[in-house]
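*Asks:* Per numbering that gives the first Met the number 0, residue 0 is the first one in the sequence shown, and the count goes up by one each step.
Beta carbons: idealized from backbone N, C-alpha and C, even for Gly.
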Amino acid sequence: MNPATFHPEHFLWSFDGGVATITLDRPERKNPLTFDSYAELRDTFRALTDAPEVKAVVITGAGGNFCSGGDVHEIIGPLTRMEMPGLLRFTRMTGDLVKAMRACPQPIVAAIDGVCAGAGAILAMASDLRLATPATRTAFLFTRVGLAGCDMGACAILPRIIGQGRAAELLFTGRSMSAEEGELWGFHNRIVPADALLAEAAALARSLAEGPSFAHAMTKTQLNQEWNVSLETAIEMEAQAQAICMATNDFRRAFEAFADKRRPGFEGN
């Protein structure tokens, strides 16, 4: 992927200063996903693994909403007419999007306004950091359409963010989580005014992009891999990861900058 010349078909893309911004852009429908946009998002996050120029990612929605989930007419309707093999291909493909988001080395900042529902809530959940507005309403509403709450990794990831009991409530009831609840429970990192949302998300992403991107990727990897290991194993994994980071030029640059009483310039190597 060349981030400067990348032109996706199903969402907007911009790239500046090491930060890529993905904007879901169907505002008249509150930015729902389709079969094609699911697949293109999956492929994009997979490609970011080989795009070192991209240091951080912002994902957001147009028109005052984040994402209303799978398009009722373009996804839900066709799914009701599919046989099991086709249904399983779809659910594995949507899960692959979450896998791609978690596997890409760049930190992902979700800038969430208004409706954040269904698969939209999953996109927010799968991001690394989340900024919301007072109007943000997040709903894992799968049970509202007769489905289980265990969609795209929700039963694994959501409890680790907000706790088992709170996750169970949202996944069983499908009710909306207010912005205030989301911040109190740790889902949202902070709430910002709607007119400042994208600027705040971009500033956060830029601050990450200016940091040691190799080390950030290592942090993201360890956050993912240490879920299901013992504390002893985790400590050994982190000892090895940190030793690798200590062998980078960025570590040396940071020391030299500290000694010279200046800000370090990280280059990701």
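Is it true that the CB of Gly173 sits closer than 8 Å to the CB of Ala138?
*Replies:* As a first step, residue 138 must be located in the sequence shown, where it is residue number 139. As a first step, residue 173 must be located in the sequence shown, where it is residue number 174. A contact, by the Cβ cut-off of 8 Å.
*Asks:* If I follow the unbroken beta strand (DSSP E) through Arg129, where does it start and stop?
*Replies:* Numbered from 1 along the sequence shown, position 130 holds the residue referred to as residue 129. Element bounds for Arg129: Leu128 to Ala131.
*Asks:* Candidates Asp24, Asn1 and Phe14: which alpha carbon is nearest Glu8's?
*Replies:* Within the sequence shown, numbered from 1, the residue matching residue 8 stands at position 9. Glu8 has its Cα closest to that of Asp24, out of Asp24, Asn1 and Phe14.
*Asks:* Touching or not, the segment 83–101 and the segment 31–47, by the rule of three or more beta carbon pairs under 8 Å?
*Replies:* Segments in contact, yes.
*Asks:* Going by C-alpha distance, which of Val18, Ser206, Gly69 and Asn30 is nearest Arg262?
*Replies:* By one-based count along the sequence shown, residue 262 stands at place 263. That would be Ser206, whose Cα lies nearest to the Cα of Arg262.
*Asks:* The beta strand (DSSP E) with Ser175 in it runs from where to where?
*Replies:* Locating residue 175 in the sequence shown gives position 176, counting from the first residue. Here the beta strand (DSSP E) through Ser175 covers Ser175 to Ser177.
*Asks:* I'd like the span of the beta strand (DSSP E) that includes Asp70, first residue to last.
*Replies:* Here residue 70 refers to the residue found at position 71 of the sequence shown. It is not in any beta strand (DSSP E) - Asp70 carries neither H nor E in the DSSP assignment.
*Asks:* Buried or exposed for Val71, please, with buried defined as at least 16 other CB atoms from any protein chain shown within 10 angstroms of its CB.
*Replies:* Sequence index remark: in the sequence shown, residue 71 carries index 72 (1-based). Per the 10 Å Cβ criterion, exposed.
*Asks:* Using the beta-carbon count (16 or more within 10 Å), is Ser175 buried or exposed?
*Replies:* As a first step, residue 175 must be located in the sequence shown, where it is residue number 176. Looking at its Cβ environment, which holds 16 or more other Cβ atoms inside 10 Å, Ser175 is buried.
*Asks:* With a CB to CB cut of under 7 Å and the five nearest residues on each side skipped, what residues in its chain are close to Arg143?
*Replies:* As a first step, residue 143 must be located in the sequence shown, where it is residue number 144. Here the set comprises Gly173.
*Asks:* Can you tell me whether Thr232 is buried or exposed, with buried defined as 16 or more other CB within 10 angstroms of its CB?
*Replies:* Here residue 232 refers to the residue found at position 233 when the sequence shown is read from its first residue. So Thr232 ends up on the exposed side.
*Asks:* Quick check: Leu276 and Asn188, are their CB atoms within less than 8 Å of each other?
*Replies:* Since the displayed the chain opens at 0 and closes at 268, residue 276 lies outside it and no answer follows.
*Asks:* Drop a sphere of 10 angstroms on the beta-carbon of Met217, count the other beta-carbons inside from all chains shown, and report buried for 16 or more, exposed for fewer.
*Replies:* Here residue 217 corresponds to residue number 218 of the sequence shown, with the count starting at 1. So Met217 ends up on the buried side.
*Asks:* Please report how far the alpha carbon of Thr22 lies from the alpha carbon of Ala256, in whole angstroms.
*Replies:* Along the sequence shown, read from residue 1 onward, the residue named residue 22 stands at position 23. Along the sequence shown, read from residue 1 onward, the residue named residue 256 stands at position 257. Rounded to the nearest angstrom, the two C-alpha atoms are 36 Å apart.
*Asks:* Throw me the rounded Cβ distance for the Gly148 and Phe141 pair, which I believe falls under 8 Å.
*Replies:* The residue labelled residue 148 in the question sits at position 149 within the sequence shown. The residue labelled residue 141 in the question sits at position 142 within the sequence shown. At roughly 5 Å, the Cβ-Cβ gap stays under 8 Å, so Gly148 and Phe141 are in contact.
*Asks:* Can you check which of these residues, Asp112, Val108, Gly264 and Pro106, is closest to Ser67 by C-alpha distance?
*Replies:* On the sequence shown, position 68 is the one that residue 67 refers to. For the residues Asp112, Val108, Gly264 and Pro106, the minimum Cα distance to Ser67 belongs to Asp112.
*Asks:* Classify Phe14 as helix, strand or coil using the three-state DSSP reduction.
*Replies:* Translated into the one-based positions of the sequence shown, residue 14 becomes position 15. Phe14: strand per DSSP, three-state reduction.
*Asks:* Which residue from Glu225, Gly210, Leu230 and Asn223 puts its Cα closest to that of Asn268?
*Replies:* What you label residue 268 is simply residue 269 of the sequence shown in a count that begins at 1. For the residues Glu225, Gly210, Leu230 and Asn223, the minimum Cα distance to Asn268 belongs to Gly210.
*Asks:* Across which residues does DSSP place Ile111 in a beta bridge pair?
*Replies:* As a working note, residue 111 is residue 112 in the sequence shown. Paired residue(s): Ala131.
*Asks:* Report the residue from Ser212, Asn64, Ser126 and Gln163 whose alpha carbon sits nearest the alpha carbon of Gly17.
*Replies:* As a position in the sequence shown, residue 17 is number 18, starting the count at 1. Here the closest residue by C-alpha is Ser212.
*Asks:* Can Lys219 and Pro51 be called in contact, C-beta distance under 8 Å?
*Replies:* Sequence index remark: in the sequence shown, residue 219 carries index 220 (1-based). Sequence index remark: in the sequence shown, residue 51 carries index 52 (1-based). Not in contact: Lys219 and Pro51 (Cβ atoms no closer than 8 Å).
*Asks:* Since Asn30 and Phe65 should fall inside the 8 Å C-beta cutoff, what is the C-beta to C-beta distance between them, to a whole number of angstroms?
*Replies:* The count along the sequence shown starts at 1 and reaches residue 30 at position 31. The count along the sequence shown starts at 1 and reaches residue 65 at position 66. Between Phe65 and Asn30 the Cβ distance is about 7 Å, and since that is below 8 Å, they are a contact.
*Asks:* Report yes if the C-beta distance between Asn223 and Arg101 is below 8 Å; otherwise report no.
*Replies:* Here residue 223 corresponds to residue number 224 of the sequence shown, with the count starting at 1. Here residue 101 corresponds to residue number 102 of the sequence shown, with the count starting at 1. Contact: yes.
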